[in-house]
């Protein structure tokens, strides 16, 4: 005889409704507040300059604004490329850009190496724990590190000290 045993269907579970994206967003107020300065910087430095691109194709007058200024297309660019000084200005701009790139690149690497040397010498393994102690040691404040601030005492030159020095040298 065949085994005709059938299993009962699984019980239905009631599914909870998902919270909406807006509700999720509003429950994370701290994260929203943290991102606001970044969003403001992106808007100011990435999106607002796009108005300059629009103004490049207009005969822009401040009084008329962007919407009231007539569209001139590439006329300004054609005039720019026809100018005798254009290639000199372009060359100077490129040279200054490459010099700036080179100086900042080399300067940042030199600064990183210098800071690395400071941290390696001041904060030996096991002597300082955490960045706060290393910074305290570098600044010469009290910490677990053996490094102490260097005091430089310069003698004041007065008439009396100069006489004393003359006598000692004779």
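In my numbering, the protein residues as written are 2 to 171.
Note that CB positions come from ideal geometry on N, CA and C, so glycine has one too.
Residue i versus residue j: straight-line alpha-carbon distance, rounded
i	j	result
residue 127	residue 111	Here residue 127 scores only 48 on pLDDT, less than 50, and its place in the model should not be relied on; the value that follows carries that caveat. Answer to the nearest angstrom: the Cα atoms are 27 Å apart.
residue 61	residue 93	27 Å
residue 85	residue 91	11 Å
residue 57	residue 41	25 Å
residue 98	residue 87	16 Å
residue 75	residue 108	40 Å
residue 116	residue 70	53 Å
residue 104	residue 118	21 Å
residue 30	residue 100	44 Å
residue 96	residue 47	25 Å
residue 54	residue 78	12 Å
residue 38	residue 49	15 Å
residue 113	residue 102	16 Å
residue 28	residue 121	44 Å
Whole-Å CB distance - residue i paired with residue j, under 8 Å assumed
i	j	result
residue 52	residue 67	7 Å
residue 72	residue 81	Not confirmed; about 17 Å, so no contact.
residue 23	residue 33	That pair is no contact at about 12 Å.
Which residues DSSP lists as bridging residue i, in chain order
i	result
residue 72	59
Spatial neighbours of residue i in its chain, beta-carbon cut-off 8 Å, leaving aside the 5 residues before and after
i	result
residue 83	none
residue 18	none
residue 21	none
residue 44	none
residue 106	none
Cβ neighbours of residue i in the same chain (closer than 6 Å, five flanking residues each side left out)
i	result
residue 89	none
### Task
Jot down the residue ranges of each uninterrupted alpha helix (DSSP H) in the region 23-58, minimum 4 residues, whole runs only, in chain order.
30-43, 51-57
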